[in-house]
Ligand SMILES: [Zn+2]
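Residue numbers (this note's numbering): 263 to 559.
Encoded structure:
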C-alpha cells in the first residue's frame, strides 16, 4: 500500500477528519419513492441528482470524506430488486454523482453495507459466496474511482470479515475501513468491540469503528473497546442522530439536535476517534456541528 494514497495521507496529517451524515434518510426526505432502493433510484436522473445534492450538502457543511450511495449495491443485495444484476452501473452512477458534487480534496469512499442475508450457519449465505459478492462490488467501486472502501453497519463479525476479504479480492490496492453496529456494547451477533477490532486489524483494515444504532452513546461506549482490540489503529465514529422514533404517520424520526452532535463529536475525538461523522438521521446541520466541534479539538 503506497503511503501516498489520499486517505492514508489525510490520516497521517493527524487532524480528526469530519465525515458525512446520512444518505438513506436524506434521500427519503428528498422524495425517494416508497419501496424503491436508493441504488435503483440512482439510475434515474432525478435520483442521481438527489444523491448529488445530499453529498454537496454534507461537503458544504464541512465533511472531508463522503460515502458513495452504494450501501446495498452488492450482487446479493441487489438480486431481488429493480437493479438486479446492475452492480457495475449502480457503482459507476453513485461514484460519478459523488465526484461531481464534492470539491476536489474531499475523499470519496465506496460504501459497502451488509448483504441483507444471514450468513451460514444462521442463514443460507455461505461466507465464500458473501465474500465473492462483496468482491464484485469492491471491484466495481474501484473501477469507478473511489479513494478507499468503507464496509459499514455490520451486525455480524463474520460478515464484516467476508466483506473486508472481498474488498481485498476485488480491489487489492485500496485501503479498507470497517465499522460494525453495536448495542449495549455488543453486535447483534454478540461480538465484543475488542474481538471485532482485533479480527479486523488482523485483516489489514486501515481503520475500524462503530456506526448506526441507537444514537451517539451506543457508538461512544464501544470506542475504548475498539481501541483496546486494535492499539494504534485509527478509529471511526458514525452514529445515528439518537434513537429512532416512529411518528404518527409511520415516518421514522431522529431526535438528536446539531448541538447533541457537537457534544458527541467532541467526546468521540477525546476517546481517540480519527474520523467522526453521522449515520441515519444526521443532516447537513448535524455534519456542520460535528465539523465545527472537531476543528476546535
Ligand atoms: Zn444508520
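Each residue gets a CB set at the ideal place from its N, CA and C atoms; glycine is no exception.
query                                                                                                                        : result
Residue 416 - partner residues in DSSP beta bridges                                                                          : 442
Residues of its chain near residue 432, where Cβ-Cβ distance is below 6 Å and the 5 sequence neighbours each way are ignored : 397, 400, 401
Reference residue 491, options 454, 368, 374, 473, closest by Cα                                                             : 454
Simplified DSSP assignment, three categories, for residue 472                                                                : strand
Option nearest residue 493 by Cα separation, candidates 463, 304, 333                                                        : 463
As assigned by DSSP and simplified to three states, the class of residue 453                                                 : coil
Endpoints, the alpha helix (DSSP H) within which residue 482 is located                                                      : 478-482
Which of helix, strand or coil DSSP assigns to residue 540                                                                   : strand
Three-state class that DSSP yields for residue 327 in the structure shown                                                    : strand
Reduced DSSP category for residue 386 - H, G, I as helix; E, B as strand; rest coil                                          : coil
Nearest-angstrom beta carbon gap, residue 537 and residue 496 [assumed within contact, 8 Å]                                  : 7 Å
Cβ-Cβ separation, residue 377 to residue 356 (assumed contact under 8 Å), whole Å                                            : Contact doesn't hold; Cβ gap of about 18 Å is too wide.
Any non-hydrogen atom of ligand 1 within 6 Å of residue 474 CB                                                               : yes
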